[in-house]
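Engineer:
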Amino acid sequence: MAKFDLATPWGRFKAYLHYLWNDHAYLRLGFSNAHWISPELVRANQPWPFQLAWWKKQGIKTVVNLRGGFDGSFYALEKDACERLGLNFVDFVITSREVPIRERVRGAKTLFETIEYPALMHCKSGADRAGIMSVFYAHYRLGQPIREAMKQLGPRYLHIKHGNTGVLDYVFEQYLERGEPKGLSFSEWVESDDYDPVEMKKTFRAGMLGKVLTDKILRRE
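The sequence shown lines up with residues 2 to 222 when you count with the numbering used here.
1) How long is the line joining the alpha carbons of residue 145 and residue 5, rounded to whole angstroms?
2) Hey, does residue 71 have any beta-carbon neighbour from chain B nearer than 7 Å?
3) Just the Cα atoms here: how many angstroms apart are residue 39 and residue 126?
4) Span of the beta strand (DSSP E) holding residue 36?
5) The beta strand (DSSP E) with residue 121 in it runs from where to where?
6) What residues match up with residue 91 in a beta bridge as DSSP calls it?
7) For the candidate residues 191, 148, 124, whose alpha-carbon lies nearest to that of residue 26?
8) Put residue 100 into one of helix, strand or coil per three-state DSSP.
9) For the 8 Å Cβ check, are there 3 or more pairs between the stretch 10 to 27 and the stretch 89 to 107?
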């Protein structure tokens with residue numbers, strides 16, 4: 002049974018109350034962190050139902066949720082709004098602090114080949130998960146080189162590289178360092194034995210710990 006029952010006024014009120022405070026939706030009332038990557042795709046943070054109605058008026062036909070959270074208040078309200086508005090609602094779960102597995106990279110490519118455009122793609126803040134998916138979109142759909150597509154991960158979108166979410170940048174940096182010089186496309190590199198999500202995560206974390214040691218503890222210049 003769904004955690005939030007929108008069939009009754011009281012159930013809908015509880016869902017909105019939870020959404021407002023527990024999902025920090027009050028921070029997004031006047032800020033959507035929306036950026037058009039191309040005329041057919043816009044990235045944003047978690048939209049309110051009234052914002053989805055506005056986006057439909059702008060021509061949006063598909064909404065892609067990158068968050069998961071299928072028992073959350075945001076999910077119940079968003080799915081309900083899309084159904085009422087006649088918008089396609091697609092789930093594609095990706096994480097902001099892990100190296101994507103091969104199946105997830107392949108899935109992203111397939112997603113952008115099959116959804117109906119114009120589309121809106123969002124995570125919670127519109128910074129990290131929306132960021133890596135925007136890189137995939139810019140590369141696979143728009144044909145941009147990875148070095149160019151990586152600009153979708155940047156401070157303009159509130160993405161912070163110097164933290165755990167920097168592992169997303171690290172994935173593409175590793176391709177530019179290890180795959181591109183060998184003449185491999187990004188997809189070829191991902192399918193190769195060199196692409197090891199577990200090992201990359203370990204290497205990234207070791208680098209982060211070393212930076213903390215030298216910069217924060219030893220305070221080296």
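Each residue gets a CB set at the ideal place from its N, CA and C atoms; glycine is no exception.
Structural biologist: Per the coordinate set shown:
1) Rounded to the nearest angstrom, the gap between the Cα atoms of residue 145 and residue 5 is 41 Å.
2) Among the chains of the structure shown, chain B does not appear; only one protein chain is present.
3) Rounded to the nearest whole angstrom, the CA to CA distance from residue 39 to residue 126 is 20 Å.
4) Unbroken beta strand (DSSP E) run through residue 36: 36 to 39.
5) Where residue 121 is concerned, the enclosing beta strand (DSSP E) stretches over 120 to 123.
6) Residue 91 pairs with 65.
7) For the set 191, 148, 124, the Cα lying nearest the Cα of residue 26 is the one of 124.
8) The answer is coil: DSSP assigns residue 100 none of H, G, I, E or B.
9) With the cut-off at 8 Å, the stretch 10 to 27 and the stretch 89 to 107 do not touch.
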